[in-house]
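2 protein chains.
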Amino acid sequence: MKMKSFTPPKRLLMGPGPSDVHTRILNAMARQTIGHLDPAFIEMMDETKQMLKYAFITENELTMPISAPGSAGMEACFANLVEPGDKVIVCINGVFGTRMKENVIRVGGVAVIVNDDWGKPVDPEKVEQALIDNPDAKIVSFVHAETSTGAISDAKLLCEIANKHGCLNIVDAVTSLAGSELRVDDWGIDAIYSGSQKCLSAMPGLSPVSFSDRAIHKFTHRKTPVTSWFLDLNLVMGYWGKGAKRAYHHTAPVNTLYGLHESLVMLTEEGLENSWARHKKNHKHLRDGLSKLGIHYLVDESSRLPQLNSVFIPEESDDAKVRSSLMNDFNIEIGSGLGDLAGIIWRIGLMGHTSRKENVELCLSALQEAI
Amino acid sequence: MKMKSFTPPKRLLMGPGPSDVHTRILNAMARQTIGHLDPAFIEMMDETKQMLKYAFITENELTMPISAPGSAGMEACFANLVEPGDKVIVCINGVFGTRMKENVIRVGGVAVIVNDDWGKPVDPEKVEQALIDNPDAKIVSFVHAETSTGAISDAKLLCEIANKHGCLNIVDAVTSLAGSELRVDDWGIDAIYSGSQKCLSAMPGLSPVSFSDRAIHKFTHRKTPVTSWFLDLNLVMGYWGKGAKRAYHHTAPVNTLYGLHESLVMLTEEGLENSWARHKKNHKHLRDGLSKLGIHYLVDESSRLPQLNSVFIPEESDDAKVRSSLMNDFNIEIGSGLGDLAGIIWRIGLMGHTSRKENVELCLSALQEAI
């Protein structure tokens, strides 16, 4: 068999993730692999946890990356916190809310759905009503930043409502972490998961998570074992836990963790609030340019996610043709619509290292030609 | 917060994995991240599938890497193939057989255990007897190469027995793939999983798997959904499936897949059988040297795994002290004993890129000083 090494084409990643990865992070990935129980590696793990606490703004001891993509982070939250028969209020305003429902059902939970239009934020009043109607609900779950629509929901208020009704909450922060204001402790978040490949701008493959003491109490006191051995936090904790003593659970993705570590070092250098501000600033620049091109947003200004701009495909444009032209003529990848929004919107990502003024300008001038 | 980039120390990885990663593979990891639905990426996925078929010696269309470490590959096999109530013969002769049992139980299966001493291969007669005693068994599962003990079992014979009794089989090939003879189609293997970080010498984080048509039939005709959404092969197939059309399921770990692709290119360059032979040759060299040092093997010669040499800790040596000395004075990592064998054995890995004559010599001379 004759095979050649793979050389990826040059691309500017302006889709819903992965975002452009900085050379510093790519170089970190190429450092020599060492053992997952090497004392030097464990030190790096501790630094990673410390920096993730910084990024999530939390003192939660159980803050770490799951050794698999965001979907596995979602599953880690639901598989550990939902026991068979548990009633979970699931807010659906896009693809990832739908996926949450799937997760609840598959682990034997009962999902009570709060629906909102795709492109709208989760309606806190509906959530409150659902909790009044379902006093036996144990968990409220929602997506902070819906990657499929570009809408941001009021995570602080939704967690307040859940807490008031004695429920735990599970928050999807895949696209919000490091891109939008997010305060795990201040907002009373119990379980949260994100992805490495969005506003942290590391390569895909890891899912940072964090759990409050209440969440830990729930999964350490389960009546039935977690169906997933790989994601059972009772076991994962032994590897990512306190102190120098670590028990082997699975082999951590060593080099990918080097990359995440470097991306977090870069975040601490920039400063978390500066990162939020940069995402907002470049979003405004894009918004103004799109407006001049006559391209309209799906989401109302008040709940628009700066790092994910979902816009209606202009009537005169052919979806696939424009995206092909952007990729082939300009090396720019933008995202297509997902689920019900396929063929209706484009998703222009300004996440992490992609969120720079020159990229906004490149994208605008390419779009001007392609549409 | 002041944090510095991480620079791993120099190590020679002679433990149970990860093994040393070749510079070519490390460099591949550092190539620019592109989208997980980019046409160029999909071409690379197809090449990866093709080369994995070569490595497994199979025509199975569903041959691909799971986007998480070997433990998740194991879970993908059990979670998809075992339905609640299914009886599974689980052969236990080390840590990873025990983990298989955990997997069966957690997804609601009934595990019938066939025990063998740790360090011995699985006894085919006991497996046959278990099948006679349990005519309703649906699956036989065993570990081809037990990473915790260094024993290899007769996968061909065990699959024959399972097939004769109308059972599917699940085979753990984490440590055997590319290091020892393994023939998925010829041996009638139905479901198999491996790891990227052993004899393929790529970085940890991926689990190559392969499924026969019989196995696919089983999980496409389940009565109950797979409890894991992330590992549900009915969905994963849509992303790794046939042709150019791929549906988004999760975001693939793009750069880690570059690394696996490069490791497979290197395997095709060397030739699979040459790789097996190299592992055997360097093992013999190590064995002869250990014998001169008076160090004895746990496993009988007939079932010794060339890529994982488990040896008794000499009576006069202190386990932790010797391993520390190897790491601190010689930059060599060897493995400690796992589970019941902790404190009793060391595990010296000669996997993938680590399996070279100069490493054997370095290890022997370091051991001579350290013990």
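One line per chain: the protein sequences are D and F, in this order.
Position 83, counted from 1, in the first sequence is what numbering that gives the first Met the number 0 calls 82; the numbers after and before it change by one each time, with no gaps.
Position 293, counted from 1, in the second sequence is what numbering that gives the first Met the number 0 calls 292; the numbers after and before it change by one each time, with no gaps.
The beta-carbon is built from N, C-alpha and C at its ideal position, and this holds for glycine as well.
Review point. CA-CA distance, LYS279 of chain D and ASN358 of chain D?
Key: To locate residue 279 of chain D, count along the first sequence from 1; it is residue 280. To locate residue 358 of chain D, count along the first sequence from 1; it is residue 359. Distance between the alpha carbons of LYS279 of chain D and ASN358 of chain D: 14 Å.
Review point. Would you call the segment 133 to 153 of chain F and the segment 359 to 368 of chain F touching, i.e. three or more CB-CB distances under 8 Å?
Key: Because the criterion of three Cβ pairs below 8 Å is not met, the segment 133 to 153 of chain F and the segment 359 to 368 of chain F do not touch.
**Study point:** Under 8 Å by beta carbon: chain D residues contacting HIS249 of chain F
**Key:** Position 250 of the second sequence, counted from the start, is the residue given in the question as residue 249 of chain F. Contact annotation for HIS249 of chain F against chain D: PRO68, GLY69, SER70, ALA71 [CB-CB distance below 8 Å, chain order].
Review point. Between which two residues does the alpha helix (DSSP H) containing MET63 of chain D stretch?
Key: Residue 63 of chain D sits at position 64 when you count from the first residue of the first sequence. Per DSSP, MET63 of chain D belongs to no alpha helix (DSSP H); it is in the beta strand (DSSP E), 61 to 65.
Review point. How would you write the range of the alpha helix (DSSP H) that TYR257 of chain D sits in, first residue to last?
Key: The count along the first sequence starts at 1 and reaches residue 257 of chain D at position 258. Residue range 253 to 269 is occupied by the alpha helix (DSSP H) that includes TYR257 of chain D.
Check your understanding: Cβ atoms of THR219 of chain D and TYR53 of chain D: under 8 Å apart, would you say?
Key -> Stepping through the first sequence from its first residue, residue 53 of chain D is reached at position 54. Stepping through the first sequence from its first residue, residue 219 of chain D is reached at position 220. With contacts defined as CB atoms closer than 8 Å, TYR53 of chain D and THR219 of chain D fail to qualify as a contacting pair.
Review point. Thinking just about the alpha-carbon of each residue, which of F:ILE215, F:ASP122, F:GLY240, F:TRP186 is nearest to the one in GLU159 of chain F?
Key: Stepping through the second sequence from its first residue, residue 159 of chain F is reached at position 160. Looking at F:ILE215, F:ASP122, F:GLY240, F:TRP186, the one whose alpha-carbon comes closest to that of GLU159 of chain F is F:TRP186.
Review point. What residues are listed by DSSP as bridge partners for GLU332 of chain D?
Key: On the first sequence, residue 332 of chain D is found 333 positions in, with the first residue counted as 1. Per DSSP, D:LEU12.
Exercise for review: Identify whether VAL173 of chain D lies in helix, strand or coil by the three-state DSSP scheme.
Suggested key: Taking the first sequence and counting its residues from 1, the one referred to as residue 173 of chain D is at position 174. Correct three-state label for VAL173 of chain D: coil.
Exercise for review: Would you be able to state if there are at least three C-beta pairs under 8 Å between the segment 207 to 215 of chain D and the segment 27 to 37 of chain D?
Suggested key: Look at the beta carbons and you see the segment 27 to 37 of chain D not touching the segment 207 to 215 of chain D: under three pairs across the two are nearer than 8 Å.
**Study point:** the segment 323 to 350 of chain F: positions lying closer than 9 Å to chain D by Cβ
**Key:** Taking 9 Å as the Cβ-Cβ cut-off against chain D, the residues of the segment 323 to 350 of chain F that qualify are MET326, GLU332, GLY334, SER335, LEU337.
Check your understanding: Using a C-beta to C-beta distance shorter than 7 Å, which residues of chain F count as neighbours of ASN26 of chain D?
Key -> Residue mapping note: residue 26 of chain D aligns to position 27 of the first sequence, counting from 1. The answer, in chain order, is ALA29.
Practice item. Give, in chain order, every residue of the segment 76 to 102 of chain F whose Cβ lies closer than 8 Å to some Cβ of chain D. Key: Only ALA78, ARG98, GLU101, ASN102 from the segment 76 to 102 of chain F bring a Cβ to less than 8 Å from some Cβ of chain D.
Review point. For ASP115 of chain F, which residues from the same chain have a beta carbon less than 8 Å from its beta carbon, with the 5 sequence-adjacent residues on both sides left out?
Key: Locating residue 115 of chain F in the second sequence gives position 116, where the first residue counts as 1. If we look at ASP115 of chain F and ignore the five residues flanking it on each side, its Cβ neighbours are CYS90, ILE91, ASN92, VAL121, ASP122, LYS125.
Review point. Does any CB atom of chain F fall closer than 8 Å to the CB of VAL298 of chain D?
Key: By one-based count along the first sequence, residue 298 of chain D stands at place 299. It does not; no Cβ of chain F falls within 8 Å.
Review point. So who's on the other strand from PHE210 of chain F, going by DSSP bridges?
Key: For this step, residue 210 of chain F is matched to residue 211 along the second sequence. Note: PHE210 of chain F sits in a beta bridge opposite F:LEU61, F:ALA190.
Check your understanding: Among residues of its own chain, excluding the 5 on either side of GLY237 of chain F, which ones have a beta-carbon nearer than 8 Å to its beta-carbon?
Key -> Indexing the second sequence from 1 puts residue 237 of chain F at position 238. Its chain contains ARG245, ALA246, HIS248 as the residues whose beta carbon lies nearer than 8 Å to that of GLY237 of chain F, once the 5 sequence neighbours on both sides are disregarded; these appear in chain order.
Review point. Who are the neighbours of LEU12 of chain F on chain D, taking C-beta pairs under 8 Å?
Key: Locating residue 12 of chain F in the second sequence gives position 13, where the first residue counts as 1. Chain D residues near LEU12 of chain F: THR32, ILE33, GLY34.
Review point. What are the boundary residues of the beta strand (DSSP E) that includes PHE311 of chain F?
Key: On the second sequence, position 312 is the one that residue 311 of chain F refers to. 307 to 311 is the span of the beta strand (DSSP E), which, as asked, contains PHE311 of chain F.
Point to revise | Given 8 Å, three or more beta-carbon pairs between the segment 39 to 55 of chain D and the segment 219 to 234 of chain D | key: Judged by Cβ distances under 8 Å, the segment 39 to 55 of chain D makes no contact with the segment 219 to 234 of chain D, as fewer than three pairs qualify.
Check your understanding: If you draw a straight line from the alpha carbon of MET2 of chain F to that of GLY69 of chain D, how long is it in whole angstroms?
Key -> Reading the second sequence from its first residue, position 3 is the one you call residue 2 of chain F. Reading the first sequence from its first residue, position 70 is the one you call residue 69 of chain D. Per the coordinates, the alpha-carbon of MET2 of chain F lies some 25 Å from the alpha-carbon of GLY69 of chain D.
Practice item. Note down, in chain order, each residue of its chain lying with its Cβ closer than 6 Å to the Cβ of ILE347 of chain F, except the 5 sequence neighbours on either side. Key: By one-based count along the second sequence, residue 347 of chain F stands at place 348. Around ILE347 of chain F: MET13, ASN308, ILE333.
Exercise for review: Determine, using beta carbons only, whether THR353 of chain D comes closer than 8 Å to chain F.
Suggested key: The residue given as residue 353 of chain D occupies position 354 in the first sequence. So no, THR353 of chain D is outside the interface.
Review point. Would you call the CB atoms of LYS356 of chain F and ASN281 of chain F closer than 8 Å?
Key: In the second sequence, counting from the first residue as 1, residue 356 of chain F sits at position 357. In the second sequence, counting from the first residue as 1, residue 281 of chain F sits at position 282. Yes. Within cutoff.
Exercise for review: Return helix, strand or coil for TYR247 of chain F, following the three-state DSSP convention.
Suggested key: Position 248 of the second sequence, counting from 1, holds the residue named residue 247 of chain F. Coil.
Point to revise | Amino acids of chain F, ordered along the chain, whose beta-carbon sits closer than 8 Å to that of PHE141 of chain D | key: Residue 141 of chain D sits at position 142 when you count from the first residue of the first sequence. In chain order: nothing, as chain F lies at least about 17 Å away.
Review point. Using a Cβ-Cβ distance under 8 Å, would PRO64 of chain D count as near chain F?
Key: For the purposes of this step, residue 64 of chain D is identified with residue 65 of the first sequence, where counting begins at 1. Not flagged as an interface residue toward chain F: PRO64 of chain D, since no C-beta distance is shorter than 8 Å.
Review point. Can you tell which of F:THR22, F:GLY178, F:ASN102, F:GLU145 has its C-alpha closest to the C-alpha of GLY270 of chain F?
Key: As a first step, residue 270 of chain F must be located in the second sequence, where it is residue number 271. Closest option to GLY270 of chain F, Cα to Cα, is F:GLY178.
Review point. Alpha carbon to alpha carbon, how far is PRO313 of chain F from ILE294 of chain F?
Key: The residue given as residue 313 of chain F occupies position 314 in the second sequence. The residue given as residue 294 of chain F occupies position 295 in the second sequence. Going by the C-alpha atoms only, they are around 6 Å apart.
Review point. So what's ALA39 of chain F in DSSP terms, helix, strand or just coil?
Key: As a first step, residue 39 of chain F is located in the second sequence; it is residue number 40 there, counting from the start. Helix at ALA39 of chain F.
**Study point:** Sequence-distant residues of the same chain with beta carbon closer than 6 Å to CYS372 of chain F, five excluded per side
**Key:** Lying outside 0 to 370, the shown extent of chain F, residue 372 of chain F is not represented and no answer is given.
**Study point:** For ARG182 of chain D, the nearest candidate out of D:SER4, D:THR57, D:LYS119 (CA to CA)
**Key:** The count along the first sequence starts at 1 and reaches residue 182 of chain D at position 183. Closest option to ARG182 of chain D, Cα to Cα, is D:THR57.
Exercise for review: State the CB to CB distance for the pair ASN254 of chain F and MET43 of chain D, rounded to an integer number of angstroms; the pair is presumed to be in contact (CB under 8 Å).
Suggested key: Taking the first residue of the second sequence as position 1, residue 254 of chain F is located at position 255. Taking the first residue of the first sequence as position 1, residue 43 of chain D is located at position 44. ASN254 of chain F to MET43 of chain D, Cβ: 18 Å. No contact.
Exercise for review: Give me the Cα-Cα distance between GLU101 of chain F and PRO83 of chain F, rounded to the nearest whole angstrom.
Suggested key: Reading the second sequence from its first residue, position 102 is the one you call residue 101 of chain F. Reading the second sequence from its first residue, position 84 is the one you call residue 83 of chain F. Near 14 Å, if we compare the C-alpha coordinates of PRO83 of chain F and GLU101 of chain F.
Check your understanding: For ARG303 of chain F, which three-state DSSP category applies?
Key -> By one-based count along the second sequence, residue 303 of chain F stands at place 304. Residue state, collapsed to three classes: strand.
Point to revise | Listed by chain order, chain F residues near LEU264 of chain D by CB distance under 9 Å | key: As a working mapping, residue 264 of chain D is identified with position 265 in the first sequence. The question names Leu, yet the displayed sequence has Val at residue 264 of chain D. Simply MET2, LYS3, SER4, PHE5.
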